[in-house]
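What follows is a set of notes on a single structure, which appears directly below.
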Amino acid sequence: MKLKKLLGVLGVCGALAGSANAVTFEVITSNITADTRWENDKVYILASLVFVEAGTLTIEPGTIIRGIDNIQAGPDGTTPAARPGGLIISQTAKIVANGTPDRPIIFTSIDDPNVPGGTSTIPGSFSNGTRTLTLGTDYGEDTATGVLGAVMNYSDAGTVTPGAPYSINSRWSGLIIAGEAFVGQNTVIGDTIVNPTTQVGTVSTNVADSNADGIPDAAAPAVPAVGGGAFAPIKATPGLTDPPKEFSLGGDFLEGLEPSVVGDDEYNFGFYGGVNDDDDSGCVRWVSIRYSGFVLESAKELQGITPGAIGTGTELEWIETILSSDDGAEFFGGKNDTRFIFAHYCDDDSFDGDEGYRGQNQFWSVVQADGGSLSGTGTPDEVIEFDGAEFQKAVNKTTLVIPQSDFVIYNMTALTNENGGGNQIDADDGADLTIRGLAFDGRTMTKGVFDFDPHVDGIQGGLLTYEDVYETTGSIGDVSPSAGGSTSTNVAAGSLVESNVPYTSGGIDQRIKPASPAFTDAVATTPAGLVYAPYAGCQRQNTLTRGWTLLDAGGDNAATGVSRVVVTGTANSSVATRPAIAFDAPAGSTSATVYHIFRSTNGCTWVPAGTIADNSAAAAGALGADADSTVGKLQFNDDAAPALAAGVSVSYYVVAN
Numbered sequence: 001m002k003l004k005k006l007l008g009v010l011g012v013c014g015a016l017a018g019s020a021n022a023v024t025f026e027v028i029t030s031n032i033t034a035d036t037r038w039e040n041d042k043v044y045i046l047a048s049l050v051f052v053e054a055g056t057l058t059i060e061p062g063t064i065i066r067g068i069d070n071i072q073a074g075p076d077g078t079t080p081a082a083r084p085g086g087l088i089i090s091q092t093a094k095i096v097a098n099g100t101p102d103r104p105i106i107f108t109s110i111d112d113p114n115v116p117g118g119t120s121t122i123p124g125s126f127s128n129g130t131r132t133l134t135l136g137t138d139y140g141e142d143t144a145t146g147v148l149g150a151v152m153n154y155s156d157a158g159t160v161t162p163g164a165p166y167s168i169n170s171r172w173s174g175l176i177i178a179g180e181a182f183v184g185q186n187t188v189i190g191d192t193i194v195n196p197t198t199q200v201g202t203v204s205t206n207v208a209d210s211n212a213d214g215i216p217d218a219a220a221p222a223v224p225a226v227g228g229g230a231f232a233p234i235k236a237t238p239g240l241t242d243p244p245k246e247f248s249l250g251g252d253f254l255e256g257l258e259p260s261v262v263g264d265d266e267y268n269f270g271f272y273g274g275v276n277d278d279d280d281s282g283c284v285r286w287v288s289i290r291y292s293g294f295v296l297e298s299a300k301e302l303q304g305i306t307p308g309a310i311g312t313g314t315e316l317e318w319i320e321t322i323l324s325s326d327d328g329a330e331f332f333g334g335k336n337d338t339r340f341i342f343a344h345y346c347d348d349d350s351f352d353g354d355e356g357y358r359g360q361n362q363f364w365s366v367v368q369a370d371g372g373s374l375s376g377t378g379t380p381d382e383v384i385e386f387d388g389a390e391f392q393k394a395v396n397k398t399t400l401v402i403p404q405s406d407f408v409i410y411n412m413t414a415l416t417n418e419n420g421g422g423n424q425i426d427a428d429d430g431a432d433l434t435i436r437g438l439a440f441d442g443r444t445m446t447k448g449v450f451d452f453d454p455h456v457d458g459i460q461g462g463l464l465t466y467e468d469v470y471e472t473t474g475s476i477g478d479v480s481p482s483a484g485g486s487t488s489t490n491v492a493a494g495s496l497v498e499s500n501v502p503y504t505s506g507g508i509d510q511r512i513k514p515a516s517p518a519f520t521d522a523v524a525t526t527p528a529g530l531v532y533a534p535y536a537g538c539q540r541q542n543t544l545t546r547g548w549t550l551l552d553a554g555g556d557n558a559a560t561g562v563s564r565v566v567v568t569g570t571a572n573s574s575v576a577t578r579p580a581i582a583f584d585a586p587a588g589s590t591s592a593t594v595y596h597i598f599r600s601t602n603g604c605t606w607v608p609a610g611t612i613a614d615n616s617a618a619a620a621g622a623l624g625a626d627a628d629s630t631v632g633k634l635q636f637n638d639d640a641a642p643a644l645a646a647g648v649s650v651s652y653y654v655v656a657n
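Per the numbering used here: the sequence shown = residues 1 to 657.
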């Protein structure tokens, strides 16, 4: 096991379940309605779809949360309609899952042993409130033989074979977060909306965009507040089997959480969308999400992580989503920026998004599955699929649906395989896509990178802008006349990364080869809110997934890269003095290593503070100056930090790449 043994930190909700192991287990069968803390001296079991209806769910670093599948959830062990374990954060609630690189929070299946503490964290038996489930009878499958045993076979011995950590998925539902930001769904200009009070009839003209800011104007009539909020959907009339969805400016039920699936008493908590692009649904950092993506109904799958209408106040960074039976991450509307998201071996798209999602994303990384027994049950689709609103896609391609989907991605690595399909980055139905600094390493690719279809016949034609795209496919792919960014570089010969051999011990090394032009890609500027990175790809000299991911725990990761930076020195601020940090150049660093510095005043929300290189006082371009001229010693003076009251603490973390 590659992960260090971590202290567990978990909060409590539900009835305590017995176990033959020394670890304490907490089975969660009821919804959460108030502030709750999960502490790391327990292992939590999601025995159903658990909705956080209100309050903040705080999950401490090192927590292990396990979900069960529908067979285990059923009252007799065979009921397919039973709800598998999953965690849904509603609009009226928040999640604070703030792990650390040494103590990640892990969401996984009931009997995954590749966690800190190993098999001692797997319950010998537990009750989901209806029946008692026992290891070896109800769960604990040897995936090579299909026989229930003492514990599921997740072993890795050299070359990974079927039955190892990468051969299963769809063992629980996933993590879903619903917010109140704008959504491009049910927002067709000139259409009508359903009265949110009576839920019948069409009573008013729908939204417009008279000020041309790209988001809907205020609705009329205003949606009545529920529970004191400025926006909230209205619960269905009891017994209503198919309540209308058009409650406000735009919104919908998160895929898999429609009323027909979860029932009228809970469907309100699976609704997303509103009028607050600054929505704060909490933070998810240093979290590994494994073996998720349960299909609740036909064509209604849950992903590894599903953000719906989350806003700029929500923090998503340092997340691994691995072996999802559907997408790794799918964004439904909202406005949110992310960093350091790693999608590994997912059976559909690695990243998906639509319905007016707007966001700037940096440092994304993909290891695409090959399909078949080594990656789960399905055949993977694309690295990225970004669309406009579903209404526009399904009904016509000439109606303006706002807000328009606008995806921005900087510094992405994709280790992919064609799988008999087409090009691997797909944007259409009015979605804008800007991608810069892409390292696209195809294992068996004959097609190109992009498949771009903006539907130029419609009012809302999308725009593709690509720049500094390095790829091994031999073709940039299918781009329309509306595409821009002709500075793409074609690197058809050889590999861009150190190793692209999936399902093999040490076979994945996503670091960029120093001889590749992607290693020293020149870029003049980056948008506000992103860090300056003078290279293409996500992981340049550093294996950023070491020590906290299943890719590492299962043995696929190459144990290489620059060591983690340890920050020392002062990190306080006053009105008169800006903070500064100092650190030694870590092991494995070279003269080409750059250091990205991030700042936080609350330990949960982080913003870029700057990028420096060792002894870079005279460095040209956008690299910041290292205030310590000694080689191997670095200091960063945070001149851009906000002036804070004397004694207020400022936290930093540094990524060496």
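Beta carbons: idealized from backbone N, C-alpha and C, even for Gly. Note that the structure is predicted; figures quoted are calculated from it, not measured.
Query	Result
8 Å Cβ cutoff met for Ser173 and Pro104	no
Nearest neighbour of Thr416, chosen from Leu433, Phe386, Val449 and Phe407 [CA to CA]	Val449
N-terminal and C-terminal residue of the beta strand (DSSP E) that Ala656 is part of	Ser651 to Ala656
Local Cβ density within 10 Å of Asn70, reported as buried at 16 or more and exposed below that	buried
Coil, strand or helix - Gln303 by DSSP	coil
When Thr321, Tyr503, Ala178 and Asp326 are compared against Val287, the one with the closest alpha-carbon	Thr321
Nearest residue (CA-CA) to Pro380, options Tyr410, Ile402, Gly359 and Asp348	Asp348
Asn637 to Gly537 span [Cα, whole Å]	27 Å
Reduced DSSP category for Gly561 - H, G, I as helix; E, B as strand; rest coil	strand
Inter-residue spacing [alpha-carbon to alpha-carbon] between Gly353 and Gly632	42 Å
Where Thr611 falls: helix, strand or coil (DSSP)	strand
Through-space distance from Gly388 to Val183, alpha-carbon basis	10 Å
Boundaries (first-last residue) of the alpha helix (DSSP H) holding Leu550	Leu550 to Ala553
For Thr56 and Leu550, the rounded distance between their alpha carbons	27 Å
Ile234 burial status per 10 Å Cβ neighbour count (16 or more: buried)	In this prediction, Ile234 has a pLDDT of 38, which is less than 50 and means its spatial position is unreliable; nothing more can be read from the coordinates.
Nearest-angstrom Cβ-Cβ length linking Val366 and Ala343, presumed shorter than 8 Å	5 Å
Candidates Leu323, Gly313 and Val96: closest to Gly304 by CA position	Leu323
Residue closest to Thr108, alpha-carbon to alpha-carbon, out of Leu135, Asn98 and Ile64	Ile64
Segment contact, 8 Å Cβ cut-off, at least three pairs: the stretch 43 to 52 with the stretch 87 to 100	yes
First through last residue of the beta strand (DSSP E) which encompasses Tyr595	Val594 to Ser600
The stretch 115 to 123 contacting the stretch 20 to 33, beta-carbon criterion three pairs below 8 Å	yes
Contact the stretch 433 to 441 vs the stretch 542 to 562: 3+ CB pairs below 8 Å	no
Beta-carbon gap between Gly311 and Asp278 smaller than 8 Å	yes
Buried/exposed call for Asn602, threshold 16 Cβ in 10 Å	exposed
Alpha carbon of Leu316 to alpha carbon of Thr338, nearest angstrom	5 Å
Residue(s) in a DSSP beta bridge with Gly474	Its beta-bridge partners do not exist; DSSP assigns none.
Burial state of Val147 (16 or more Cβ within 10 Å)	exposed
Beta-bridge partners of Ala414, as assigned by DSSP	Val366 and Phe440
Residue range of the unbroken beta strand (DSSP E) whose run includes Ser516	Element bounds for Ser516: n/a, residue is neither H nor E.
Through-space distance from Asp552 to Arg171, alpha-carbon basis	20 Å
DSSP state of Asn98 mapped onto helix, strand, coil	strand
Three-state secondary structure assigned by DSSP to Ser127	strand
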